[in-house]
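A.B. asks: Have a look at the structure that comes next, please.
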């Protein structure tokens, strides 16, 4: 009887927490903020890619970066591959010297995505924006560029790891099904670690309110990392098995699926922030 009451109390506390969280999510305008973040992500992603490809071309072969970006998208976010593949190819083929003025314009364009995130997080945390305009733009550009670099580096590292692991497994002559299961498990773990790092970076630097990783960041980051990975696989299964956007929307079907996925990702980002803000309010 004691254990039943204990379990009942835990369930009641969880339900109360979820009720409080959902009420705060709605009152903060989480759905609207997710729409804003989705729009500015679409507005910023290609300027960021153009900058990365242009700047990286000074150091290494541009087409290597182009191939690396596409390989990463195909492996980690296959939903948006068809939409981004043609655009990134055009960016690479038509790449020219963008000049100082063009560089500044592109740099500013990339920051609008971070601005929308910062506005949303400050609203959730009940904090006013305090950074000056240019300081905020520079800071936003650094954060967004850092995230993209982390993503690319993680892909390069994981690719090298899988290559070495494959050689070792061939040498040990392991069963193919065991090797496949092991690779899939490692791939998911790498994805979760990468997701956790990116969400933590956004939650930590995306608000002007002072936060502590241990108490105010990790729960929301963990939730967002796991939920994003699960929702990605569910969304891919749903798209491939039940829905054909091109049948409904024609040639813009890939764009619609891309926007829908970005919107779902933004909803997850906002919910993770709400979890962190709840802990921040309690702490």
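In this note's numbering, the protein residues as written are 32 to 314.
Glycine is no exception: its CB is placed at the ideal position from the N, C-alpha and C atoms.
1) Got a sec? Which residues, its chain only, sit under 7 Å from residue 248 by beta carbon, not counting five neighbours each side?
2) Using the beta-carbon count (16 or more within 10 Å), is residue 165 buried or exposed?
3) Would you call the CB atoms of residue 163 and residue 142 closer than 7 Å?
4) Under the rule that 16 or more other beta-carbon atoms within 10 Å means buried, what is residue 154, buried or exposed?
5) How is residue 239 classed by DSSP in three states: helix, strand or coil?
6) Measuring CB to CB, does residue 305 end up less than 7 Å from residue 55?
7) So, for residue 295: in the same chain, excluding its five sequence neighbours on each side, which residues have a beta-carbon less than 8 Å away from its beta-carbon?
8) With distances taken between CB atoms, is the gap from residue 61 to residue 301 smaller than 7 Å?
9) Here's the rule: buried if 16 or more other CB atoms are within 10 angstroms of the residue's CB, otherwise exposed. What is residue 44?
10) If you check the beta carbons only, do residue 148 and residue 219 fall under 7 Å apart?
11) For residue 269, report the span of its alpha helix (DSSP H) as first-last.
12) Please state whether DSSP places residue 59 in a helix, a strand or coil.
13) Taking residue 170 as the reference, which of 284, 41, 239 has the closest Cα?
14) Taking the alpha-carbon positions, what's the residue 174 to residue 34 distance?
15) So residue 255 and residue 221 are in contact, right, with Cβ under 8 Å, and what is the actual spacing, rounded?
16) Is residue 158 helix, strand or coil by DSSP?
17) Pull up the CB-CB distance for residue 75 and residue 144, whole angstroms please, since I reckon it's below 8 Å.
18) Sort 257, 217, 178 by Cα distance to residue 229 and report the nearest one.
19) Residue 90 to residue 53, Cα distance in whole Å?
20) Whole angstroms is fine: what's the gap from residue 257's alpha carbon to residue 279's?
C.D. replies: The short version:
1) Within the chain shown, numbered from 1, the residue matching residue 248 stands at position 217. Apart from the 5 residues on each side of it in sequence, residue 248 sits with its Cβ closer than 7 Å to the Cβ of 231, 234, 235, 242, 307 in its chain, given in chain order.
2) Here residue 165 is taken as the residue at index 134 of the chain shown, counted from 1. It is exposed - the Cβ of residue 165 has fewer than 16 other Cβ atoms within 10 Å.
3) The sequence position of residue 163 within the chain shown is 132, counting from 1. The sequence position of residue 142 within the chain shown is 111, counting from 1. No, Cβ-Cβ distance for residue 163 and residue 142 is not below 7 Å.
4) Mapped onto the chain shown, residue 154 falls at position 123. Residue 154 comes out buried.
5) Here residue 239 refers to the residue found at position 208 of the chain shown. Three-state result, residue 239: coil.
6) To locate residue 305, count along the chain shown from 1; it is residue 274. To locate residue 55, count along the chain shown from 1; it is residue 24. Yes, the Cβ-Cβ distance between residue 305 and residue 55 is below 7 Å.
7) The count along the chain shown starts at 1 and reaches residue 295 at position 264. Answer for residue 295: 262, 266, listed in chain order.
8) Numbered from 1 along the chain shown, position 30 holds the residue referred to as residue 61. Numbered from 1 along the chain shown, position 270 holds the residue referred to as residue 301. In contact: residue 61 and residue 301 (Cβ atoms closer than 7 Å).
9) Taking the first residue of the chain shown as 1, we reach residue 44 at position 13. The residue is exposed, with fewer than 16 neighbouring Cβ atoms inside 10 Å.
10) Here residue 148 refers to the residue found at position 117 of the chain shown. Here residue 219 refers to the residue found at position 188 of the chain shown. Cβ atoms of residue 148 and residue 219: not closer than 7 Å.
11) As a first step, residue 269 is located in the chain shown; it is residue number 238 there, counting from the start. Its alpha helix (DSSP H) spans residues 249 to 272.
12) Stepping through the chain shown from its first residue, residue 59 is reached at position 28. Of the three classes helix, strand and coil, the one that applies to residue 59 here is coil, per DSSP.
13) Taking the chain shown and counting its residues from 1, one reaches residue 170 at position 139. Among 284, 41, 239, the Cα nearest to that of residue 170 belongs to 239.
14) Against the chain shown, residue 174 aligns to sequence position 143. Against the chain shown, residue 34 aligns to sequence position 3. Cα to Cα, residue 174 sits roughly 48 Å from residue 34.
15) By one-based count along the chain shown, residue 255 stands at place 224. By one-based count along the chain shown, residue 221 stands at place 190. Not quite, the Cβ-Cβ distance comes to about 16 Å (not below 8 Å), so this is no contact.
16) Numbered from its first residue, the chain shown carries residue 158 at position 127. In the structure shown, residue 158 sits in coil (DSSP, three-state: anything other than H, G, I, E or B).
17) Looking up residue 75 in the chain shown gives position 44. Looking up residue 144 in the chain shown gives position 113. That pair is a contact at about 4 Å.
18) In the chain shown, counting from the first residue as 1, residue 229 sits at position 198. The option with the nearest alpha carbon to residue 229 is 178.
19) Numbered from 1 along the chain shown, position 59 holds the residue referred to as residue 90. Numbered from 1 along the chain shown, position 22 holds the residue referred to as residue 53. Low confidence applies here, because residue 90 scores a pLDDT of 49, under 50, leaving its location unreliable; read the following figure in that light. Spanning the two alpha carbons is a distance of roughly 48 Å.
20) Working through the chain shown from its first residue, we reach residue 257 at position 226. Working through the chain shown from its first residue, we reach residue 279 at position 248. So the two alpha carbons sit approximately 31 Å from each other.
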